[in-house]
Every structure is written in C-alpha cells, then in structure tokens.
Amino acid sequence: MAQVAAGSYDCDVVVIGGGIVGLSTAYAIGRAAPGTRVTVLEKEQGTARHQTGRNSGVIHSGIYYRPGSLKARYAVSGAAEMVKFCAEHDIPHAVTGKLIVATEREELPRLHALAQRGRENGLSVRELCGAQIAEYEPEVQGLAAIHVGTTGICDYGAVARRLAEASGADARHGAEVVRIDRRPDRGVAVLTAAGDIVRARTLVNCAGLHCDRIALLTGDEPGARIVPFRGEYYELARPELVRGLVYPVPDPAFPFLGVHLTRGTDDGVHVGPNAVPALAREGYDWRTVRPRELGATLAWPGSWQLARRHWRYGAGELHRSLSKPAFARAVRRLLPA
1 MAQVAAGSYD CDVVVIGGGI VGLSTAYAIG RAAPGTRVTV LEKEQGTARH
51 QTGRNSGVIH SGIYYRPGSL KARYAVSGAA EMVKFCAEHD IPHAVTGKLI
101 VATEREELPR LHALAQRGRE NGLSVRELCG AQIAEYEPEV QGLAAIHVGT
151 TGICDYGAVA RRLAEASGAD ARHGAEVVRI DRRPDRGVAV LTAAGDIVRA
201 RTLVNCAGLH CDRIALLTGD EPGARIVPFR GEYYELARPE LVRGLVYPVP
251 DPAFPFLGVH LTRGTDDGVH VGPNAVPALA REGYDWRTVR PRELGATLAW
301 PGSWQLARRH WRYGAGELHR SLSKPAFARA VRRLLPA
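Residue 320 in full-length UniProt numbering sits at position 320 of the sequence shown, and the numbers go up by one each step.
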C-alpha cells in the first residue's frame, strides 16, 4: 500500500460508513464548510443496509436521558431537526407522540420520575391515570401512563438516501476498508478490498457495527468492543388496535426499553424489539454464525461482565426469542386484545 505523501490528497475528509451517521456527517460538513471535498466509503452496495435500515423508525424525544447530558441535548434538538428535514424533503414521517405505560404498581415511581425528567429536558409530557389512557390508545390497559408529545416516526432509509444526495459527497459503495495508513501531519491513506486507495487530510469513523475494528486499523485502541445484539420484531395482525407508539416503563437496571408497539410510516404495527445476543456482527437471525467474530466477542472480558450483570434479563430475552407465546405474553401486558 502506498504511504501518505505530503500535499497529495484525493479529498479533504474521508468518512467510513454509509449509514445515517456517516451520511449525516458528510451532510453537516458540506453545510458548515462549503467546498470541502468529502468521500464516503460504504462496504455494501447501497446505503442504510444495516442499523439505519433495520431499526424501528422512531424519532426519539430524549425523555430517557439525564437532564443536561449530551444525549439529552442532542436527542431533543435532533428530534426537531429530523422532523424539519423530513418535511423539507418530503420524506414519510409523523409526530405521533407516544405512551409510556405502567402495568405494575412498582413501576409507578419510575413512571413519575420519567415524567419529571422529560420536563427537565424541555419536553411536553402529560401524566395520565389508567382511565385517561383510552384518550390516546383505547385498547391499551395500564395503571397509569405518560404521553410524550414530540416522539415521532420516519423512514430512516429514505432519510439516509436523501442525505447522500444532498451532501454533495463522493459516495462509493462496495468500498470495504481493509487497511489504513495514518501519519502525523500527513493525513491518512485508506485501502479498500477492491484495491483502491483514498488519501485524505482527515478521517471520520462512522462504521457502526465495525467502528471498533476501524479504530484499531488507524492505530487507536478504543478501549471498547462492539458486542452485537439483535432485535426481533413481529407484525401485529390487527394494526387497527394501535394508533401510535406504546412503550412499557423501562427498568433502569437494564440497557433496553422493553418490547413495545410502533405504528410505522406504512401504517403497519410492529411489536418488539427484544434484545438477544447475535452470533455475528451482522447476525440478523439464528442461522447466521461467524465463528471468528463470535470468538472475538467471547474473548473480550467486557462480554462476560455484561453477561454477569444482566444474565437474568438476558435469559428472559432468549426465551422470548425462541418462544412466540412468551413474546406474545410480554405484549399482552400492554395490549390485552
């Protein structure tokens, strides 16, 4: 591979990853510094093939995050910017609001705390008694709920495609990065599996499921590893039962929101996701196993720390993954019908 040569650049910035984070980065650079030459390298033959195109499509409000934290600030402002972007570019979206529903008495203090947190984050939050839930979702039952007005839905695949068009970046598909030569004061040279070399002053790592690997290729030790989890969904056979978005009260001891109901931009309602360990970084079903990736996950001490901390919850998630009746029971807590 050719080394980085001073004064010889194909672009100013090379972004690795053509999902929504990488394409948003390219778009933001173009708006902040017009004329900046940006190249986006994406290993797949199109945009939004992984996390961007496989999530629930929810525009999150920021209610779950600690007030004043970067997550809270970016979620609140980002939700408003996403709605504005979708409206400006005719991308399917809707601000539906969502219900967070308590079905057990021990959840009531956590529900109230969430309402307080939402208000501290500047959100429109309404606390509801059990009877008032029907104002928003007639078929949903619970002891109490909160309604968050700024939560919405959109088609993130369409958002990613529009970002790619509007960014003005040179987006290259089928460009898997296999090596990076990084030199102080000389930028980077990136080699793809196809043998192409891209020289740039600056590299931005937006590689999603592979971001730790890309960091290692640059010579950095990120101090963390991607431990892959898969979320599984079912389609609700009777979508007329749900008007918008319905969530359980999350348990702060676990890093998951629980099985919920989401009416998408296509008017279908999907149920889920759960969160089960994947046997490959891109393991979207139980049949996909990549021994090398699985071995690396098992060899990472953090994987075992996570398992020890959340083994009971993880066992329940595995049970719901392997048993459709168990999955359905989790949903019936919110939607008895």
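For glycine and all other residues, C-beta sits at the position ideal for the given N, C-alpha and C.
Can you tell me which of the three DSSP states residue i falls into?
| i | result |
| --- | --- |
| T192 | strand |
| K84 | helix |
| I133 | helix |
| K98 | strand |
| V289 | coil |
| G268 | coil |
| P109 | helix |
| Y9 | coil |
| G68 | coil |
| E44 | coil |
| H93 | strand |
| Y27 | helix |
| F327 | helix |
| Y233 | coil |
Can you have a look at residue i and say buried or exposed, based on whether 16 or more other CB atoms are within 10 angstroms of its CB?
| i | result |
| --- | --- |
| D181 | buried |
| V101 | buried |
| P138 | exposed |
| R199 | buried |
| residue 349 | What is shown of the chain runs 1 to 337, which leaves residue 349 out entirely. |
| E107 | buried |
| G302 | exposed |
| L70 | exposed |
| A144 | buried |
| R230 | buried |
Please check the pair residue i and residue j, which I expect to be a contact at CB under 8 angstroms, by giving their CB distance rounded to whole angstroms.
| i | j | result |
| --- | --- | --- |
| K84 | Y247 | With a Cβ gap of about 24 angstroms, K84 and Y247 do not count as contacting. |
| V14 | L203 | 5 angstroms |
| R263 | T52 | With 8 angstroms as the limit, R263 and T52 do not qualify as a contact, their Cβ atoms being about 20 angstroms apart. |
| I153 | T265 | 6 angstroms |
| L167 | A26 | It should be noted that the sequence gives Ser, not Leu, for residue 167. Confirmed, Cβ separation roughly 4 angstroms. |
| L335 | L257 | L335 to L257, Cβ: 16 angstroms. No contact. |
| L123 | V76 | 7 angstroms |
| R162 | I91 | 6 angstroms |
Can you find the residues in the same chain that come closer than 7 angstroms, C-beta to C-beta, to residue i, ignoring five residues on each side of it along the sequence?
| i | result |
| --- | --- |
| G219 | R182 |
| L306 | V227 |
| A140 | The sequence given here has Val at residue 140, not Ala. The residues are L99, V101, I133, V246, L334 and L335. |
CB-CB under 8 angstroms to residue i, same chain, minus the five flanking residues each way: which ones, in chain order?
| i | result |
| --- | --- |
| R119 | V125 |
| P239 | R263, D267, G268 and V269 |
| A215 | N205, E221 and P222 |
| L209 | H50, Q51, I226, P228, R281 and E282 |
| R333 | T103 and P248 |
| R254 | According to the sequence as given, residue 254 is Phe; it is not Arg. For F254, where only same-chain residues beyond five positions count, the Cβ hits under 8 angstroms are H310 and Y313. |
So, for residue i: in the same chain, excluding its five sequence neighbours on each side, which residues have a beta-carbon less than 6 angstroms away from its beta-carbon?
| i | result |
| --- | --- |
| L279 | V289 and L294 |
| L236 | V269 and V271 |
| L217 | I180 |
| W311 | none |
| K43 | E176 |
| W300 | R225 |
Out of the options, state which residue places its alpha-carbon closest to the alpha-carbon of residue i.
| i | options | result |
| --- | --- | --- |
| A275 | G18, Y313 and V40 | Y313 |
| P184 | Q132, G208 and R201 | R201 |
| N55 | A94, V190, I133 and I20 | I20 |
| Y233 | D10, L143, E317 and A134 | E317 |
| A28 | E81, R320, A215 and W300 | E81 |
| D212 | G142, L128, L241 and T297 | T297 |
| G142 | A131, G149 and R117 | A131 |
| G17 | V190, C86 and G231 | V190 |
| I63 | G57, V140 and P250 | P250 |
| H147 | E127, A315, P34 and T36 | E127 |
| K324 | R287, A207 and V259 | V259 |
| Y156 | H173, A194, P34 and S24 | S24 |
| A164 | F327, A94, R292 and G30 | G30 |
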